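**Student:** Quick note on the numbering used here: the sequence shown kicks off at 61 and runs consecutively.
Have a look at this one before I ask anything.
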Amino acid sequence: MIYNLISRLEEWLIDHDLWGFFRVFTFSEFRAIVAIILSFLIVVCLGKRTIHWLLKQKIGDVPEFHHQDLNRIMQHKSNTPTMGGILITGAILACTLLLADLRSFYVHMALVCMGWLLMLGAADDWLKLTSAQRKPGSRDGLYFWEKLVLQFGLAVVLGLFIHHYGQFKMETDPLGFWKMSHSLTLPLVKSWTFDPAQNQYVPSPTLIVLSAWPFVIMAMLVIAGSSNAVNLTDGLDGLAGGIMAICAFAFMVLALIAGKENYAKVLLVPYIPLSDELAIVAGAMVGSCLGFLWFNCKPAQVFMGDAGSLPLGGLLGYIAVVVRQEVLLVIIAGVFVLESLSVMLQVGCFKLTGKRLFKCAPLHHHFHMTGWTEGQTVVRFWLLTAVFVAIALATIKLR
61 MIYNLISRLE EWLIDHDLWG FFRVFTFSEF RAIVAIILSF LIVVCLGKRT IHWLLKQKIG
121 DVPEFHHQDL NRIMQHKSNT PTMGGILITG AILACTLLLA DLRSFYVHMA LVCMGWLLML
181 GAADDWLKLT SAQRKPGSRD GLYFWEKLVL QFGLAVVLGL FIHHYGQFKM ETDPLGFWKM
241 SHSLTLPLVK SWTFDPAQNQ YVPSPTLIVL SAWPFVIMAM LVIAGSSNAV NLTDGLDGLA
301 GGIMAICAFA FMVLALIAGK ENYAKVLLVP YIPLSDELAI VAGAMVGSCL GFLWFNCKPA
361 QVFMGDAGSL PLGGLLGYIA VVVRQEVLLV IIAGVFVLES LSVMLQVGCF KLTGKRLFKC
421 APLHHHFHMT GWTEGQTVVR FWLLTAVFVA IALATIKLR
């Protein structure tokens with residue numbers, strides 16, 4: 061809103077010698093930083109009121125992990141308000157509407173992604189809570205396949221629209237930048253090569269360009285997988301929120317690089333015009349998660365619930381698809397990936413052998429039950445995420 065308003069009033073601001081002050085809002089880098097600060101303040105300022113409202117509505121979690129020892133360890137968390145994700149997503153929405161370019165197709169799709177998964181997560185949370193109130197110990201929410209179908213449906217819509225948008229741009233793109241918006245980007249592989257005939261960098265002829273349905277399948281795996289991975293990780297005070305803040309910051313940087321042709325050329329990564337507006341969305345994710353940690357750190361006053369974990373993970377996957385960095389997402393979100401793999405390995409091993417590979421899955425519960433305190437587990441997983449982000453960003457310069 062601010063960006064669009066300043067763009068319309070540019071001539072008037074110049075005539076009245078005010079352009080020098082307001083010009084800074086035309087830079088996506090500045091607006092992304094402002095989004096971090098503003099979303100943090102929104103969550104911190106509204107946090108207590110939201111928690112009070114959730115308590116008044118009796119929206120309290122009733123932990124049930126189907127594991128006797130883990131239930132005993134976690135019993136002190138009973139009746140802690142959940143569905144705090146409405147606070148996180150509300151702050152992201154407010155900052156995006158205020159600071160992003162509202163004409164941007166990518167911003168529109170980001171809001172669709174967040175809204176869809178917010179409703180899905182809120183419905184799942186509500187069903188779990190109401191069933192637990194009717195029958196203590198019960199956590200009947202949406203079936204996994206029901207959530208997966210709705211997540212895949214969203215990803216198909218997003219994938220088709222993103223692919224079509226890049227194809228549409230091809231008509232006015234003599235250098236073939238559209239190839240980058242459809243390419244499979246791999247670490248250490250250059251997306252630009254120098255063409256002596258044109259005396260400039262052009263999209264690499266070695267790019268693996270994906271047609272519509274392979275692109276959509278990729279989007280399905282990334283968006284649904286990321287959404288569920290964050291959901292599985294949300295099991296200890298501050299764990300998912302802290303990891304998400306670090307990952308979102310990394311993708312804020314990647315969105316700024318991808319959306320600026322000069323940055324993309326220097327680092328030889330895909331150039332996706334206008335994708336830098338997603339840096340504002342990612343910045344809002346960073347700030348809202350940091351603000352949420354104010355109330356979610358041990359001992360947690362509120363949990364984000366599926367209403368927070370599903371849209372946050374989905375947004376992270378969506379941004380990765382747009383900036384063509386799905387492989388880097390696997391590295392950056394390495395902890396989320398490990399958490400998901402631990403669940404799949406645990407289930408697979410138990411079905412095949414009747415034995416459990418870990419004391420409990422997801423992975424954070426395994427370490428918690430081996431003797432790590434909750435605080436040690438959370439902070440160590442944060443540190444591991446920071447290392448994964450450093451590795452991922454280093455691969456960009458090594459192209």
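Ideal Cβ positions, reconstructed from N, Cα and C, are used throughout, including at glycine.
For clarity, every value in this text was computed on a predicted model and none was experimentally measured.
Does DSSP classify Val216 as helix, strand or coil?
**Tutor:** Stepping through the sequence shown from its first residue, residue 216 is reached at position 156. Three-state DSSP puts Val216 in a helix.
**Student:** Are there 16 or more other CB atoms within 10 angstroms of the CB of Trp238, so buried, or fewer, so exposed?
**Tutor:** To locate residue 238, count along the sequence shown from 1; it is residue 178. Trp238 should be labelled buried.
**Student:** Please state whether DSSP places Leu202 in a helix, a strand or coil.
**Tutor:** For the purposes of this step, residue 202 is taken as the residue at position 142 of the sequence shown. In the structure shown, Leu202 sits in coil (DSSP, three-state: anything other than H, G, I, E or B).
**Student:** For Ala324, which residues of its own chain have a beta-carbon under 7 Å away from its beta-carbon, when the five flanking residues on both sides are left out?
**Tutor:** Taking the sequence shown and counting its residues from 1, one reaches residue 324 at position 264. Contacts found: Ile317, Ala318, Pro330, Tyr331.
**Student:** Relative to the alpha-carbon of Val439, which residue among Leu299, Lys411, His425, Cys409 has its alpha-carbon at the smallest distance?
**Tutor:** Taking the sequence shown and counting its residues from 1, the one referred to as residue 439 is at position 379. Selected option, being the one with the closest Cα: Leu299.
**Student:** Nearest by alpha-carbon distance to Ile93: which of Pro141, Gly347, His76, Leu405 is it?
**Tutor:** Position 33 of the sequence shown holds residue 93. Among Pro141, Gly347, His76, Leu405, the Cα nearest to that of Ile93 belongs to Gly347.
**Student:** Using 8 Å for Cβ pairs, my map puts Leu292 next to Ser164. What's the rounded Cβ distance?
**Tutor:** For this step, residue 292 is matched to residue 232 along the sequence shown. For this step, residue 164 is matched to residue 104 along the sequence shown. So it is not a contact: roughly 31 Å between Cβ atoms.
**Student:** Could you tell me the boundaries of the beta strand (DSSP E) in which Gln361 lies?
**Tutor:** Locating residue 361 in the sequence shown gives position 301, counting from the first residue. Counting along the chain, Gln361 falls outside any beta strand (DSSP E), and DSSP gives it neither H nor E.
**Student:** Using the C-alpha atoms, what's the distance from Leu180 back to Val276?
**Tutor:** Along the sequence shown, one-based indexing puts residue 276 at 216. Along the sequence shown, one-based indexing puts residue 180 at 120. Going by the C-alpha atoms only, they are around 21 Å apart.
**Student:** Within 10 angstroms of the Cβ of Ile17, are there 16 or more other Cβ atoms? Answer buried if so, exposed if not.
**Tutor:** Past the edges of the chain, shown from 61 to 459, lies residue 17, and the structure says nothing about it.
**Student:** Taking Val262 as part of the beta strand (DSSP E), name the residues at either end of that continuous run.
**Tutor:** If you number the sequence shown from 1, residue 262 lands on position 202. Where Val262 is concerned, the enclosing beta strand (DSSP E) stretches over 260-263.
**Student:** Can you give the beta carbon distance from Ile283 to Tyr378, rounded, assuming they're within the 8 Å contact cut?
**Tutor:** As a working note, residue 283 is residue 223 in the sequence shown. As a working note, residue 378 is residue 318 in the sequence shown. The Cβ separation is near 6 Å, so the contact holds.
**Student:** Can you name the residues that DSSP bridges to Pro333?
**Tutor:** Residue mapping note: residue 333 aligns to position 273 of the sequence shown, counting from 1. None; Pro333 has no bridge partner.
**Student:** Within the continuous beta strand (DSSP E) that includes Phe275, where are the two ends?
**Tutor:** As a position in the sequence shown, residue 275 is number 215, starting the count at 1. Phe275 -> not in any beta strand (DSSP E); alpha helix (DSSP H) instead, spanning 272-293.
**Student:** Let me check you understand the geometry: is the CB of Thr140 closer than 7 Å to at least one non-hydrogen atom of the ligand GTP?
**Tutor:** For the structure depicted, the ligand GTP is absent and the ligand set is empty, with no information on it obtainable.
**Student:** Taking the alpha helix (DSSP H) that Trp113 belongs to, which residues open and close that run?
**Tutor:** Looking up residue 113 in the sequence shown gives position 53. Element bounds for Trp113: 88-116.
**Student:** Would you kindly work out how many angstroms separate the C-alpha atoms of Asp297 and Val447, rounded to a whole number?
**Tutor:** If you number the sequence shown from 1, residue 297 lands on position 237. If you number the sequence shown from 1, residue 447 lands on position 387. Taking the straight line joining both Cα atoms gives about 21 Å.
**Student:** With Trp252 as the anchor, note down where its beta strand (DSSP E) starts and where it stops.
**Tutor:** The sequence position of residue 252 within the sequence shown is 192, counting from 1. 252-255 is the span of the beta strand (DSSP E), which, as asked, contains Trp252.
**Student:** Kindly indicate which residue of Asp366, Leu65, Gly365, Ile148 has the alpha-carbon position closest to the one of Phe352.
**Tutor:** Working through the sequence shown from its first residue, we reach residue 352 at position 292. That would be Ile148, whose Cα lies nearest to the Cα of Phe352.
**Student:** Determine the contact status of Ile478 and Thr445, defining contact as a CB-CB distance below 8 Å.
**Tutor:** Residue 478 is absent from the structure shown; the chain starts at 61 and stops at 459.
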